[in-house]
Amino acid sequence: MKNLLELYGTVLDLQAALALLEFDQQTAMPSGAETGRSAQMAALSGVIHREMTSGKLRRALEKCEKAPYPEDSFEKAVCRQLRRKLDRAAQIPGKLVKNLTMATASAHSAWLKARESADYSILAPELERIIALKQQYAALFSGFECAYDALLDEYEPGMSSAEVERIFAPLAAEQTQIVREAAQIPAEPLPGGSYSKAAQLAISSKVAKAMGYDFKHGRIDLTEHPFTTNIGLQDVRITTAVHRDLPVSCLLSTVHECGHALYEQGIAPQYHRTVLGDGVSYAFHESQSRLWENLVGRSRAFWEWLYPEYQKRFKQLASVPAEQFFRAVNRVQFSEIRTEADEATYNLHILVRFELEKELFSGKLAPRELRDAWNGKMEKFLGITPRNDRYGVLQDIHWPLGDFGYFPTYALGNLIASQIWEAAETLMPELEQNIGAGNFKPLREFLREKVHRHGARYTREQLLKQICGAESISARPFLNYLRKKYTVA
Ligand code: ZN
């Protein structure tokens, strides 16, 4: 096992170095350095792929798999996770990787052009190529009901589209009904104007600190699209974005990324530099960010704590009553853009994408017909038709990048967040009171104890069972939460 851990530890070191190159590219690299940086990153990716598929690593794993470790041991968990990763890496022929890289690079520039002229037909042929390659890619993996399931499995291990359908089943009807009611709650927009950048960043840092983000092992930088990255688990960084007219957006982006970062910073040191030093799955990771962003960051208690400081920092809000501000932060409406959707409508945007992805990969839908299909699904789930393709089928970067099967994890993350929240409320009756006092320590410790410290030691189902006794992901706690929040206000 020692040999296996050391060999894979080196892979993780190389991945951390690659993450740092990427991070620098997004935050500080001068624009003229693009070509050189791409070459450096491609070279390092090649080295990582070589190490991942080396005979040495495979043999070391096989040896450990034969050893009589107990079923629930650290060693068994390492073998399980590593087997999955090595099999994935070994299945993919270099030529397909290269073709996909070229196709997505070309699709990315086509996507930018298509967005500019709000015309999907510019992207359509590129997307057709990517989907054909992804079909080839999916066909490499056996044991799946359909091609789409092989893609989904990459983000959400062991999750099939039939299972996702079962979990999502109550969402469409019930969420739509809740949203219709919630949209009736009057909400005036906040005063416009320029909200100080320095004040936005100061408040974001203050809240991150209060949440328990460890600045000794992390930092906050600025990017257009916020993200979290780790350069090894001793260095977990987040970024945020400042919009001068939307101060809450900067704050809640920070809170969201901080939720991701707390997960990684909370992983037990004995899992660092091992294959278990990671989240359980994409959905589980997202549950941590959404829990902080929505269940904490959009709650009444949270704003009771923070709003006085907000009013002090932003003179525009001096005469805005707390209740008006709270309603503005929680305004619910059917809208076109997923990333700007409120917590009550967000999952409906995911249903649109989930259905389209399944149809694209079952051959039911041709990529050139995607725009009309998109508009049809938007009408079906949200009752609106996007004003043009930019606000419709062209809004997300995922498909041009070849990321099919990713979207469902966002909604699954929302559902898991509510399941965990229910357990937290039961165990900590004073949860709301603590949040209202800006005391996030009990919640953070609860999450660290129940979720974070375990890294990828357990499967999604094992962990859910340990946290809340549930057999699988369920939409019920989420729907209960929405109903409680939006139908009594
Ligand atoms: Zn996220």
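When we follow my numbering, the leftmost residue of the sequence shown carries the number 92, and every step to the right adds one.
Glycine residues also receive a C-beta, built at the ideal position from the N, C-alpha and C atoms.
Predicted model, so just to flag it, every value in this text is computed and none were measured.
Check	Outcome
Please tell me whether Tyr-239 and Phe-498 are closer than 8 angstroms, where the distance is taken between their beta carbons.	no
Mind listing, in chain order, the residues whose beta carbon lies closer than 6 angstroms to a non-hydrogen atom of the ligand ZN?	His-347, His-351, Glu-377 and Ser-380
As an exercise, report each continuous alpha helix (DSSP H) stretch of at least 4 residues that is fully enclosed by the segment 256-302, in chain order.	262-273 and 288-302
At 4 residues or longer, what runs of the alpha helix (DSSP H) sit wholly inside the segment 317-380?	338-356
Going by DSSP in three states, Pro-568 sits in which element: helix, strand or coil?	helix
Specify, as a first and last residue, the run of the alpha helix (DSSP H) that Asp-104 falls within.	93-118
Out of Gly-146, Ile-139, Arg-174 and Asp-163, point me to the one whose CA is closest to Glu-156's CA.	Arg-174
Closest to Leu-135 by CA distance: which of Leu-105, Gln-379 and Thr-517 is it?	Leu-105
Report the residue from Val-346, Glu-355, Ala-528 and Glu-460 whose alpha carbon sits nearest the alpha carbon of Ala-392.	Ala-528
For Ser-252 versus Lys-468, is the C-beta distance shorter than 8 angstroms?	no
With a Cβ-Cβ cutoff of 8 angstroms, do Leu-503 and Ile-258 count as a contact?	yes
Starting from Asp-312 and walking both ways along the beta strand (DSSP E), at which residues does that stretch end?	311-313
For Thr-550, which residues in the same chain have their Cβ closer than 8 angstroms to its Cβ, ignoring the five residues on either side in sequence?	Pro-248, Gly-249 and Val-371
So, are the CB atoms of Asp-433 and Arg-444 less than 8 angstroms apart?	no
What's the C-alpha gap between Leu-187 and Asp-369?	27 angstroms
Name the two residues that bound the continuous alpha helix (DSSP H) containing Glu-470.	461-473
How about Gly-483 and Arg-462: do their beta carbons lie closer than 8 angstroms?	yes
Rounded to whole angstroms, what is the Cα-Cα separation between Gly-496 and Phe-235?	14 angstroms
With 16 as the cutoff for other CB atoms within 10 Å, does Gln-275 come out buried or exposed?	exposed
Smallest Cα separation from Ser-145: which of Asp-326, Leu-95, Lys-204 and Gly-303?	Leu-95
Determine, using beta carbons only, whether Gln-402 and Tyr-286 come nearer to each other than 8 angstroms.	no
Would a check of beta-carbon distances place Leu-109 closer than 8 angstroms to chain C?	This model lacks chain C altogether, as it is built from one protein chain only.
Which first and last residues belong to the alpha helix (DSSP H) in which Trp-394 is found?	391-404
For Gln-424, name the three-state secondary structure that DSSP assigns.	coil
In three-state terms, what does DSSP make of Pro-520?	coil
If we ignore side chains and look at the alpha-carbon of each, how far apart do Thr-436 and Val-270 end up?	7 angstroms
Suppose the cutoff is 7 angstroms on Cβ atoms and the five residues either side in sequence are ignored; what does the same chain contact list for Ala-299 look like?	Ile-311, Thr-345 and Cys-349
By the three-class DSSP mapping on this structure, what secondary structure does His-140 have?	helix
Quick one, which of Lys-225, Arg-548, Val-102 and Ile-507 has its alpha-carbon nearest Pro-386's?	The sequence shown places Leu at residue 386, not Pro. When each option's Cα is compared against that of Leu-386, the closest is Ile-507.
Beta-carbon within less than 6 angstroms of Val-411's beta-carbon, same chain only, minus the 5 sequence neighbours each way: which residues are those?	none
What's the call for Asn-505, buried or exposed, on a 16-neighbour Cβ count within 10 Å?	buried
Between which two residues does the alpha helix (DSSP H) carrying His-199 extend?	185-207
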